[in-house]
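K.L.:
Per the numbering used here, residue 177 is the first one in the sequence shown, and the count goes up by one each step. Glycine is no exception: its CB is placed at the ideal position from the N, C-alpha and C atoms.
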Amino acid sequence: MTTLPIQDRQIAWSKINALDLFQQAPIAIYTTDVDGYINYFNTASVELWGRAPELGKDLWCGSWKIYQPDGITSLPLDECPMAVLLKEGRKMPEAEIIIERPDGKRINVLPHPEALYDQDGTMIGALNMMVDITDRRTIENTQAKFEAIVQSSTDGIISKNLDGIITSWNASAERIFGYKEKEMIGKPILTLIPEERKEEEQFILNRIRKGERVETFETQRLTKYGQLIDISLTISPIRNGSGHIIGASKIVRDITEIRKLEQRKDDFIRMASHELKTPITSINGYTQLLLNIYNEPYKEQHFHSDPIVKSSLETIARQVSKITRLIAELLDLSRIESAKLELVITEFKLENLLEEMVHDARHTTRQHVILFESEYKGMISGDQERLGQVFTNIIGNAIKYSRDADRIEVYLTKDKGFAVIRVKDYGIGIDPEDLTRIFERFYRAEGKSEQTYPGFGIGLFIAKEIVELHKGLIEVSSQKSKWSVFTVKLPLESVKKGE
Ligand code: ADP
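(1) Count the other C-beta atoms from every protein chain shown that fall within 10 angstroms of the C-beta of Gln627, then say buried if there are 16 or more, exposed otherwise.
(2) Gly631: beta carbon under 7 angstroms from a heavy atom of the ligand ADP?
(3) Roughly how many whole angstroms lie between the Cα atoms of Arg312 and Ala515?
(4) Return the CA-CA distance between Ile341 and Gln378, expressed in angstroms with no decimal places.
(5) Sorry if obvious, but does the Cβ on Asp443 come closer than 7 angstroms to a heavy atom of the ligand ADP?
(6) So, helix, strand or coil for Phe632, using DSSP?
(7) Where in the segment 320-354 do unbroken runs of the alpha helix (DSSP H), each at least 4 residues long, occur, reported from the N-terminal end onward?
(8) Can you name the start and end residues of the alpha helix (DSSP H) that His535 belongs to?
(9) What first and last residue would you give for the beta strand (DSSP E) that runs through Asn215?
(10) Can you say whether Phe662 is buried or exposed, counting buried as having 16 or more other CB atoms within 10 angstroms of its CB?
(11) Using DSSP's beta-bridge definition, name the partner residues of Thr249.
(12) When the Cα of Ile300 is compared with those of Glu323, Ile214, Tyr355, Ile365, which residue comes out closest?
(13) Check whether the Cβ atoms of Ile205 and Ser239 sit closer than 8 angstroms, and answer yes or no.
(14) Cβ of Asp580 within 7 angstroms of any heavy atom in the ligand ADP?
(15) Give the straight-line distance between the Cα atoms of Asp294 and Gly362, rounded to the nearest whole angstrom.
(16) Given that a residue counts as buried once 16 or more other Cβ atoms are within 10 Å of its Cβ, and exposed if not, what is Thr208?
(17) Would you tell me roughly how many angstroms separate the C-alpha atoms of Ser497 and Arg620, rounded to the nearest one?
(18) Give a yes or no on contact between the segment 414-432 and the segment 448-459, applying the rule of three or more CB pairs nearer than 8 angstroms.
(19) Between Trp345, Lys267, Leu668, which has its C-alpha nearest Asp591's C-alpha?
(20) Looking at the structure shown, is Asp443 part of a helix, part of a strand, or coil, going by DSSP?
(21) In its own chain, which residues sit with a C-beta less than 7 angstroms from the C-beta of Asp582, not counting the 5 before and 5 after it?
(22) Quick test of the definition: if touching needs 3 or more C-beta pairs under 8 angstroms, does the segment 355-370 touch the segment 386-393?
(23) Return the residue from the list Lys233, Gly212, Asp196 that minimises the CA-CA distance to Thr219.
(24) Can you find at least 3 beta carbon pairs, one from the segment 523-533 and one from the segment 544-561, that sit closer than 8 angstroms?
(25) Could you check which residue in Thr500, Met305, Ser488, Gln565 has the C-alpha nearest to that of Leu519?
(26) Going residue by residue through the segment 456-522, where are the continuous alpha helix (DSSP H) segments of at least 4 residues, counting only ones entirely within it?
(27) In angstroms, rounded to a whole number, what distance separates the CA positions of Leu224 and Asp296?
(28) If you count every other CB in all the chains shown that lies within 10 Å of the CB of Val210, and 16 or more means buried, which is it?
(29) Could you give the distance in angstroms between the alpha-carbon of Leu409 and the alpha-carbon of Lys426?
(30) Starting from Met299, trace the beta strand (DSSP E) both ways and give me its first and last residue.
(31) Taking DSSP as the reference, what is the three-state secondary structure of Asn193?
(32) Shorter than 7 angstroms, the distance from the beta carbon of Arg313 to the closest heavy atom of the ligand ADP, or not?
(33) Should Leu636 be listed as close to the ligand ADP, given that the test is whether its C-beta is under 7 angstroms from any heavy atom?
(34) Does the Cβ of His646 have 16 or more other Cβ atoms within 10 Å, making it buried, or fewer, making it exposed?
(35) Per DSSP, what kind of secondary structure is Ala201 in: helix, strand or coil?
(36) Considering only C-alpha positions, which residue in the set Arg598, Asp331, Gly633, Tyr577 is nearest to Leu437?
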């Protein structure tokens with residue numbers, strides 16, 4: 177390689193055109209004259225614009241279309257940052273734009289326009305360097321979407337590094353554990369682990385360091401308030417861009433409510449088997465008895481008058497109707513769960529329906545006097561059979577749960593736009609903490625065995641669904657060991673056919 181003497185080097189430098197140097201630069205650079213006509217652009221500009229502008233013809237910039245950073249509002253070319261600089265001498269700081277190329281591809285760009293002056297300080301044009309920030313924006317958008325998903329998840333999502341230090345904490349983690357994000361970032365995950373389960377963390381970290389996932393398992397963790405909660409955990413390794421494991425993400429689900437529901441479902445299945453078996457055993461016994469009587473020689477002539485036959489048939493009929501009701505409740509439950517419980521709306525007199533339900537209930541108890549008072553004589557639109565089912569259930573419960581009482585009261589009144597039905601008994605009452613829960617599926621207030629108070633714990637759940645389908649409401653108030661009042665409010669107007 178030869179070296180030139182110093183003066184020749186200066187001459188050689190002075191012959192190099194700065195714009196020629198830009199030609200192969202990896203960043204888009206172009207210039208315009210003082211009127212905004214493009215008079216130079218490099219290769220990277222053509223790539224960015226997706227087209228080559230016509231020198232001396234294209235104004236302000238070579239873009240096909242440009243938009244504001246929202247990507248929706250279009251920006252006229254004569255309002256682009258280069259045009260603003262040339263026309264008003266004003267620089268728009270950090271004025272991001274989106275360029276749309278003729279092939280439809282969009283590019284996020286940060287333009288850096290600079291005015292060019294001659295030796296006398298007169299503006300002769302401008303040079304613009306356009307930095308492509310599409311990758312940065314794509315990463316930011318992906319991160320924002322990811323962040324939104326994490327924050328809106330109903331599961332707790334936590335990440336930690338390989339030393340077990342918490343690095344992120346979402347809103348559901350806050351809800352499950354009671355700690356705010358700022359209380360937990362930088363804290364050891366061990367804070368959440370009860371003493372007797374501390375070794376779990378070592379096991380988890382060992383798996384994660386090997387790049388292995390820890391499949392969903394059930395365990396217990398501690399809340400901020402020292403309460404032990406049942407959770408399910410799924411843990412996966414987090415890798416950085418070059419594939420190295422840098423931590424773990426944990427998905428936490430609070431399963432305290434789910435176990436309780438499982439427990440109730442188990443109780444329900446046990447109860448359902450018992451409830452169905454008892455009447456079937458009884459029916460079987462009485463049928464055998466009747467067959468024996470029928471088969472016995474010389475007894476045929478007594479068949480119709482035999483009191484055993486009569487009472488046996490009555491028992492069978494009662495048990496069959498009990499089974500029918502239980503099966504109907506089970507069917508309703510599955511209809512509700514698949515949202516297939518539909519109403520058949522007609523107009524009818526509510527007083528008559530209640531009268532009929534009270535009349536039927538009187539036949540099922542010798543012990544109680546069932547009083548019925550009605551102040552509302554008007555019509556209502558609704559599903560007569562389904563509403564009948566609601567009142568049968570409530571009055572039936574009033575009888576069932578007030579064995580030591582002798583009186584049940586049923587009132588029908590009108591309050592503003594509602595028909596109000598109240599059923600009061602003077603029975604065992606309901607604990608305050610059970611008041612809202614008795615309307616839940618399978619819920620039976622504890623302390624009652626099926627021998628004492630048979631039932632499935634789904635009657636009120638179905639009743640509530642039916643009442644709510646009528647746009648009404650059902651509520652209860654009670655004083656333990658004294659009385660209970662179930663109130664149903666049905667709108668007189670809103671339920672119309674097909675609504
Ligand atoms: P069940 O078939 O068990 O009676 P329900 O859904 O009709 O089911 O009622 C749910 C629970 O509500 C009952 O198990 C009982 O604990 C309580 N309950 C309902 N009605 C009364 C009442 N009148 N008095 C006391 N407890 C009641």
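P.N.:
This is what the structure gives:
(1) Here the model assigns Gln627 a pLDDT of 46, short of 50, so the residue's position is not dependable and the matter cannot be decided.
(2) yes
(3) Each residue's Cα considered, the two are about 47 angstroms apart.
(4) 13 angstroms
(5) no
(6) coil
(7) 347-353
(8) Boundaries of the alpha helix (DSSP H) around His535: 526-538.
(9) 214-217
(10) buried
(11) DSSP, once it has assigned bridges, lists no residue as partnering Thr249.
(12) Ile214
(13) No. Outside cutoff.
(14) no
(15) In a straight line, the C-alpha of Asp294 is about 57 angstroms away from that of Gly362.
(16) buried
(17) 22 angstroms
(18) no
(19) When Trp345, Lys267, Leu668 are compared, the shortest CA-CA separation from Asp591 is found for Leu668.
(20) helix
(21) Excluding positions up to five away in sequence, the list reads Gln543, His544, Val545.
(22) no
(23) Ranked by Cα distance from Thr219, the first of Lys233, Gly212, Asp196 is Asp196.
(24) yes
(25) Gln565
(26) 483-513
(27) 34 angstroms
(28) exposed
(29) 7 angstroms
(30) 299-308
(31) Looking at Asn193 - three-state DSSP - the assignment turns out to be coil, as it is neither helix nor strand.
(32) No, Cβ of Arg313 sits at least 7 angstroms from all heavy atoms of the ligand ADP.
(33) yes
(34) Label assigned to His646: buried.
(35) Ala201 falls in the coil class under three-state DSSP.
(36) Gly633
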